[in-house]
Amino acid sequence: MEPITGKVWKFGDNIDTDVIIPGRYLRTFSLDDLASHVMEGVRDEFADKVDKGDIIVAEWNFGCGSSREQAPVALKHAGVSAIIARSFARIFYRNAINIGLPVIVADIEVREGEKIQIDLEKGEILNLTTNKTFQIEPFKKFMLEILQNGGLVDHFLQKKP
1 MEPITGKVWK
11 FGDNIDTDVI
21 IPGRYLRTFS
31 LDDLASHVME
41 GVRDEFADKV
51 DKGDIIVAEW
61 NFGCGSSREQ
71 APVALKHAGV
81 SAIIARSFAR
91 IFYRNAINIG
101 LPVIVADIEV
111 REGEKIQIDL
121 EKGEILNLTT
131 NKTFQIEPFK
141 KFMLEILQNG
151 GLVDHFLQKK
161 P
């Protein structure tokens, strides 16, 4: 799997799914509509300014709250290529992997706007701005395959004879 490179967006603790995609937008089936409101509950400008490939770096308990799958879907469709946090809500973590959005448990020193590169196979995060490297646990082969195939459903369909 190729390393993931992107600009950092920083968030704090307890970023819940209601903040990631507010409930009033859950009636739409349009991914573009969902993405246009992502993170609206905490940062109004995020949906307009996030670029394809950007990376979220957060603190504790990212994705807590309801189990809505629309939260990681909206982030991925908005262009977020990965999320790094000190911890994740279990259901959010699983939903993200299931849709092919890498989520990494790590505590790294990085500032908003800096560029980082994540190598899931090697277990490294490189801050390209400061040239500082952080070690993480490498992803298992089956997890990498799920992410490479675009998520669990696509992974299953590709494995089917």
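Numbering (full-length UniProt numbering), first residue to last: 1 to 161. Even glycine gets a Cβ: it sits at the ideal position worked out from N, Cα and C.
(request) Tell me the start and end of each unbroken alpha helix (DSSP H) in the stretch 24 to 97 that is at least 4 residues and wholly inside, in chain order. (result) For the stretch 24 to 97, whole alpha helix (DSSP H) runs of length 4 or above, ordered along the chain, are 31 to 35, 46 to 49, 70 to 78.
(message) Considering just the uninterrupted stretch of the beta strand (DSSP E) at residue 142, what are its terminal residues?
(response) Position 142 of the sequence shown, counting from 1, holds the residue named residue 142. Premise fails: residue 142 lies in the alpha helix (DSSP H), 141 to 148, not in any beta strand (DSSP E).
(request) Out of 90, 54, 89, point me to the one whose CA is closest to residue 9's CA. (result) Residue 9 sits at position 9 when you count from the first residue of the sequence shown. Comparing Cα-Cα distances from residue 9 to each of 90, 54, 89, the minimum goes to 54.
(request) Using three-state DSSP, classify residue 152 as helix, strand or coil. (result) For the purposes of this step, residue 152 is taken as the residue at position 152 of the sequence shown. Here residue 152 sits in helix by DSSP.
(message) Could you pull the DSSP bridge partners for residue 8 from this structure?
(response) Translated into the one-based positions of the sequence shown, residue 8 becomes position 8. Note: residue 8 sits in a beta bridge opposite 55.
(request) Sort out for me which residues DSSP pairs residue 124 with in a bridge. (result) Start at 1 with the first residue of the sequence shown, and residue 124 comes out as number 124. Partner(s): 119, 135.
(request) Could you check what DSSP says for residue 18 in three-state terms: helix, strand or coil? (result) Numbered from 1 along the sequence shown, position 18 holds the residue referred to as residue 18. Of the three classes helix, strand and coil, the one that applies to residue 18 here is helix, per DSSP.
(message) Going by beta-carbon coordinates alone, are residue 147 and residue 139 separated by less than 9 Å?
(response) In the sequence shown, the residue the question calls residue 147 occupies position 147. In the sequence shown, the residue the question calls residue 139 occupies position 139. The answer is yes: Cβ separation under 9 Å.
(request) Determine the burial state of residue 67: buried for a count of at least 16 other Cβ atoms within 10 Å of its Cβ, exposed for fewer. (result) On the sequence shown, position 67 is the one that residue 67 refers to. So residue 67 counts as exposed.
(message) Quick check on this structure: which residue in 60, 52, 48, 145 has the alpha carbon closest to the alpha carbon of residue 92?
(response) In the sequence shown, residue 92 corresponds to position 92, counting from 1. Closest option to residue 92, Cα to Cα, is 60.
(request) Output the boundary residues of the beta strand (DSSP E) element that contains residue 104. (result) In the sequence shown, counting from the first residue as 1, residue 104 sits at position 104. Residues 103 to 105.
(message) Can you find the residues in the same chain that come closer than 7 Å, C-beta to C-beta, to residue 106, ignoring five residues on each side of it along the sequence?
(response) In the sequence shown, residue 106 corresponds to position 106, counting from 1. Same-chain partners within the cutoff: 84, 125, 134, 136.
(request) Report yes if the C-beta distance between residue 20 and residue 102 is below 9 Å; otherwise report no. (result) For the purposes of this step, residue 20 is taken as residue 20 along the sequence shown, with counting starting at 1. For the purposes of this step, residue 102 is taken as residue 102 along the sequence shown, with counting starting at 1. No; because the gap between Cβ atoms is not below 9 Å, this pair is not in contact.
(message) Using a Cβ-Cβ cutoff of less than 7 Å, which residues in the same chain neighbour residue 150 once the five nearest sequence positions on both sides are dropped?
(response) Locating residue 150 in the sequence shown gives position 150, where the first residue counts as 1. 100.
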